[in-house]
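Going by this note's numbering, the sequence shown opens with residue 15, and the numbers climb by one from there.
Backbone N, C-alpha and C fix where the C-beta goes; we use that ideal spot for every residue, glycine too.
Accompanying notes for the structure given below.
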Amino acid sequence: MNNKILTKARIFESEQEKNITDKQRPLFHLTPRVGWMNDPNGFCFYNGKYHLFYQYHPYSCFWGPMHWGHAISSDLIHWDLLPAALAPDSKNDKEGCFSGCALETEDGNLALIYTGVHKNKKDKNKNLQIQCLAIGDGINFKKERKPVIDDSQVPFGCSIEDFRDPKVVQNDNGDFILYAVNRNADGNGQVLAYKSKNLRDWEFCNVVLKNYFGLGRMWECPDLFYLDGKAVLMMSAQEVLQSDNFDSGNIGVCLIGQYDEHEHKFIKQKIQQVDRGLDFYAQQTIMSPDGRRIMIGWLQNWDICNYREKGARWFGQMSIPREIKIKDGVLIQQPVREIESYRQNKQEINGLKLENEKCPVPQMNGTSLDITVTVKKYDTDLSYFYINLFEKDGHYARVYYDYKFEKAGIDRSRAGLKAALLHERSCSYKIKEGEELKLRIITDRNSVEVFWGEGELAMSMSIYDEEKGSGLSFGISGRAEINAVSYEIKGDRNE
Ligand code: FRU
């Protein structure tokens, strides 16, 4: 190990972060200290705090040799940025410390289990991915020399170049089970399970699930847990072909079913895209000390993450942590309840009747908001509802519902971004019989996250516009009555 590489990163980030003012970051969404952030890693609760690590390249706002950045929080809303935890400084991970997980060891240390990427000695044009262990006190970590799972433990014929993103859980017998993704000989993704008693010696168990159903090609970032009586396997899929239920490209996926703990086989019953917006990937979950399953994802999308604001010194952000549930075979998401204690300046609108008009609501203006809206149809003439957010001089981000085609949508095409990226997504969403359209929206300077109904549909998008407005307005084609409650989110980056 060459500590110089980590020391250099730590010095660099502590100097460079001074050039980023609080105003240049979201108020409560986690961003890197400086440079680039992708996947959440090592999400855990350790020594009384939530720890979140992340894929990190401090030296530019683009992906590069992967480090692990680090942040802690007592409530999942306010994050303190800590020194980088890992750097690509050992022979196992010279090409990068890729995604992984964290868990507390028996003697009270924190173990990081991550993918080390290095050149394949037999073919220098190719990389090998192996699983590595580093142990520390929650700030400083010592890497073990020996990888814990290397290429010799990949099932015969499967890829040794695509073998990554370990997630370790402990089962009721005290055994550790490690889930990692891999590419089968036919090029498709699969999730593998390994078993260990001590985090160091691992035995291959089985292929938990293989991509026999053609959901993209390679899979990434697996997670397996039980929730509301169901087994849930989450992963993120690459190269997905668009269909009614899935968007194209890179998407977070939730499979609901059963898990055979002896055979280590997952039996899929339902499958759902985690978030139908533009930007959400590589989610990880944990169990909070009070028994909630909490998920956090990277609020970006690989295919559309090359745009930077002028002079940007950071890029990439995390979603708001979300409480998840399974109800009637559907994944339900809501922002963690901790956000409620950051609410201030409550504003209410009751029974606002609108007819073919756009109605600015200046009392609800803001750039970091928690808004709940219900739209009541009071006769049959209602075809389209929208909320414009971050509005200024004709620029805005939009959340909408199309009653005719029963589609929910988000749109940043007029948000003032100076690049023609994929800017809009919509998907089929039916309002339940006898119910009204209800949605909760969280905005935070550089993002919009929408939770429809009870949270059975989530749609998120990041926004890197140069002219941030704060206006909010409602718009209706036809007639409807609007009820809304909004709060500003307070934070220490308000000033
Ligand atoms: C997912 C991913 C992981 C990998 C990491 C590299 O976004 O591609 O599979 O470990 O990012 O930064």
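Residue burial classification, Ile25 (beta-carbon count within 10 angstroms, cutoff 16): Around the beta carbon of Ile25, a 10 Å sphere encloses fewer than 16 other beta carbons of the protein chains shown; the residue is thus reported as exposed.
With DSSP collapsed to three states, give me the class of Leu20. The three-state secondary structure of Leu20, taken from DSSP, is helix.
Within 10 angstroms of its Cβ, does Glu178 collect 16 or more other Cβ (buried), or is it exposed? Correcting the residue type first, residue 178 is Arg in the shown sequence and not Glu. In this structure Arg178 is buried. Its beta-carbon is surrounded by 16 or more other beta-carbon atoms within 10 angstroms.
Hey, how far is the Cα of Val246 from the Cα of Asp258? Cα to Cα, Val246 sits roughly 22 Å from Asp258.
Could you pull the DSSP bridge partners for Val499 from this structure? Answer by DSSP bridge pairing, in chain order: Glu362, Thr386.
Is it true that the CB of Phe42 sits closer than 7 Å to the CB of Gly505? Remark: C-beta atoms of Gly505 and Phe42 approach each other more closely than 7 Å.
Please determine, among Asp393, Val267, Gly188, Ser427, the residue with the shortest C-alpha to C-alpha distance to Tyr478. For Tyr478, the closest alpha carbon among the candidates Asp393, Val267, Gly188, Ser427 is that of Ser427.
Name the two residues that bound the continuous beta strand (DSSP E) containing Ser442. Bounds of the beta strand (DSSP E) holding Ser442 are 438 to 442.
N-terminal and C-terminal residue of the beta strand (DSSP E) that Asp103 is part of: It is not in any beta strand (DSSP E) - Asp103 carries neither H nor E in the DSSP assignment.
Out of Gly311, Tyr417, Cys58, which one is the CA nearest neighbour of Thr119? Out of Gly311, Tyr417, Cys58, Cys58 has the C-alpha closest to the C-alpha of Thr119.
Relative to the ligand FRU, is the shortest distance from any of its heavy atoms to the C-beta of Met249 smaller than 6 Å? False, no ligand heavy atom lies under 6 Å from that Cβ.
For Glu27, does the three-state DSSP call read helix, strand or coil? For Glu27, the three-state secondary structure derived from DSSP is helix.
Ala23 versus Val162, Gln297, Gly49, Glu354, residue with shortest Cα-Cα distance: Closest option to Ala23, Cα to Cα, is Gly49.
Are there any heavy atoms of the ligand FRU lying less than 6 Å away from the beta-carbon of Leu112, as far as the coordinates show? As written in the sequence, residue 112 is Phe, which differs from the Leu given in the question. Yes, the Cβ of Phe112 comes within 6 Å of a heavy atom of the ligand FRU.
Starting from Lys209, trace the beta strand (DSSP E) in both directions and tell me its first and last residue. First-last of the beta strand (DSSP E) with Lys209: 203 to 210.
Ile174 (DSSP reduced to helix, strand or coil): DSSP, reduced to helix, strand and coil, places Ile174 outside both helices and strands of the structure shown, so it counts as coil.
C-alpha gap between Pro472 and Ile424, whole angstroms: The residue you asked about is not Pro; residue 472 is Ala in the sequence shown. Computed Cα separation, rounded: 10 Å.
In terms of DSSP beta bridges, what is Ser491 paired with? For Ser491, the pairing in a beta bridge is given by DSSP as Tyr398.
From Gly380 to Gln283, what distance separates their C-alpha atoms? The straight-line gap from Cα to Cα measures roughly 42 Å.
What number of angstroms, rounded off, separates the C-alpha of Asn402 from the C-alpha of Tyr273? Each residue's alpha carbon lies about 43 Å from the other.
Return yes when the Cβ of Met475 is within less than 7 Å of the Cβ of Gly291, no when it is not. Yes, they are a contact pair.
Cβ contact (3+ pairs, closer than 8 Å) linking the segment 143 to 150 and the segment 119 to 133: With a cut-off of 8 Å, the segment 119 to 133 and the segment 143 to 150 count as touching, because enough Cβ pairs lie within range.
With which residues is His409 paired in a DSSP beta bridge? The partner list for His409 (beta bridge, DSSP) reads Lys406.
Counting only the same chain and skipping the five closest in sequence on each side, list residues whose C-beta sits under 7 Å from that of Ile496. Around Ile496: Ile363, Leu366, Leu368, Val387, Val389, Phe488.
Going by DSSP, what residue range makes up the beta strand (DSSP E) through Lys133? For Lys133, the enclosing beta strand (DSSP E) begins and ends at 124 to 134.
Close Cβ partners of Asn220 (< 7 Å) along its chain, the five nearest in sequence each way excluded: Contacts found: Ala207, Glu277, His278, Lys279.
Same chain, Cβ closer than 7 Å to Asn198, five either side skipped, listed in chain order: Scanning its chain for C-beta atoms nearer than 7 Å, with the 5 sequence neighbours on each side dropped, one finds around Asn198 the residues Cys172, Gln204, Lys224, in chain order.
Identify the continuous beta strand (DSSP E) that holds Thr299 and give its terminal residues. Residues 295 to 301.
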